[in-house]
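Input: a single structure, listed below in structure tokens.
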Amino acid sequence: MELVFVTGNIYKLREIQHLLGKDFKLKSLRDLGFEDEIPEIHPTLEQNAFAKASFIHDRFSVDCFADDTGLEVEILNNRPGVYSARFAEIDSDRKFKNSSELTEANIDKLLGMLKEKHSRKARFRTVISLILKGEEFLFEGISEGRITEEKRGEEGFGYDPVFVPEGYEKTFAEMTLGEKNKISHRARAFERLVDFLRSRKDLYTK
Ligand code: IMP
186 MELVFVTGNI
196 YKLREIQHLL
206 GKDFKLKSLR
216 DLGFEDEIPE
226 IHPTLEQNAF
236 AKASFIHDRF
246 SVDCFADDTG
256 LEVEILNNRP
266 GVYSARFAEI
276 DSDRKFKNSS
286 ELTEANIDKL
296 LGMLKEKHSR
306 KARFRTVISL
316 ILKGEEFLFE
326 GISEGRITEE
336 KRGEEGFGYD
346 PVFVPEGYEK
356 TFAEMTLGEK
366 NKISHRARAF
376 ERLVDFLRSR
386 KDLYTK
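Under the numbering used here, the very last position in the sequence shown is 391; numbers go up by exactly one each time.
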């Protein structure tokens, strides 16, 4: 079965293809000849994921899925949430030279907002919107944890250096990719997608 993964990230695509196995052939946006950005302008992860998937479904009439992830900090009313990627740009005129400068600024802003706060409880949440035969299915994966006082570790990306998952002392950035993938929000959400696709072959084999 062929499915389009609505992402420009070839690494994510390979990772999920590996999880899905040979029964499924994942196609990228590039395989469709689509190279534009799809704007992520909605206030929730669910709406953003659905907007991306439905945009591609409407344009190409293909079965497809899209994901969206955010870091939700309880005492900040679940911010940065849907704005995680560009948190430091919100309410600021500052321009960033590259994505690593933006990532640093995102983390600095977060740590600044958490100074003096009594709770550092946080979670990563990934949402996947699958559109299969015109019907939408949603999947969620959560990794509970807390935000550290300082950055630790060199692995990973984004907020990994300041996130310690529940039951661990290490930050995600101090873990190997293999360790992180056993417990990560994204891995959990994709496991649910994969279980669903395996269990509902009736939906796409006729
Ligand atoms: P995306 O929806 O996967 O592009 O994630 C949006 C933003 O959330 C990223 O730009 C990162 O700032 C943050 N993020 C998502 N997943 C992770 C993760 O596993 N570790 C750290 N930060 C993440």
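Beta carbons: idealized from backbone N, C-alpha and C, even for Gly.
Q.
Tell me the rounded alpha-carbon separation between Arg373 and Glu351.
A. On the sequence shown, residue 373 is found 188 positions in, with the first residue counted as 1. On the sequence shown, residue 351 is found 166 positions in, with the first residue counted as 1. Distance between the alpha carbons of Arg373 and Glu351: 15 Å.
Q. Where do the ends of the beta strand (DSSP E) carrying Leu217 lie?
A. Working through the sequence shown from its first residue, we reach residue 217 at position 32. From DSSP, Leu217 is part of no beta strand (DSSP E); its letter is neither H nor E.
Q: Run through the segment 263 to 344 for me and flag every whole beta strand (DSSP E) of 3 or more residues, listed as ranges in chain order.
A: 264 to 266, 306 to 317, 320 to 332
Q: Mind checking who Thr254 pairs with in its DSSP beta bridge?
A: Position 69 of the sequence shown, counted from the start, is the residue given in the question as residue 254. Thr311, per the DSSP bridge assignment.
Q | Val347 and Leu295 closer than 9 Å at C-beta | A | Numbered from 1 along the sequence shown, position 162 holds the residue referred to as residue 347. Numbered from 1 along the sequence shown, position 110 holds the residue referred to as residue 295. Yes; because the gap between Cβ atoms is below 9 Å, this pair is in contact.
Q: Starting from Val379, follow the alpha helix (DSSP H) in both directions and report where the run begins and ends.
A: The count along the sequence shown starts at 1 and reaches residue 379 at position 194. Looking at the DSSP string, the run of the alpha helix (DSSP H) that includes Val379 is 370 to 384.
Q | Close beta carbons around Phe240, own chain, < 7 Å, minus the five adjacent residues each side | A | By one-based count along the sequence shown, residue 240 stands at place 55. Cβ neighbours of Phe240 beyond the five flanking positions: Ile223.
Q: Count the other CB atoms, across all protein chains shown, that sit within 10 Å of the CB of Glu301; report buried if there are 16 or more and exposed otherwise.
A: The count along the sequence shown starts at 1 and reaches residue 301 at position 116. Classification of Glu301: exposed, given that the 10 Å Cβ count is below 16.
Q) In three-state DSSP terms, what is Lys367? A) On the sequence shown, position 182 is the one that residue 367 refers to. In this structure, Lys367 counts as helix in the three-state DSSP scheme.
(Q) To the nearest angstrom, how far is the alpha carbon of Thr333 from that of Ala358? (A) Taking the sequence shown and counting its residues from 1, the one referred to as residue 333 is at position 148. Taking the sequence shown and counting its residues from 1, the one referred to as residue 358 is at position 173. When rounded, the distance between both Cα atoms is 12 Å.
(Q) Please state whether the Cβ-Cβ distance between His227 and Val267 is less than 9 Å. (A) Within the sequence shown, residue 227 is the residue found at index 42, counting from 1. Within the sequence shown, residue 267 is the residue found at index 82, counting from 1. Yes, the pair counts as a contact, with Cβ atoms nearer than the cut-off.
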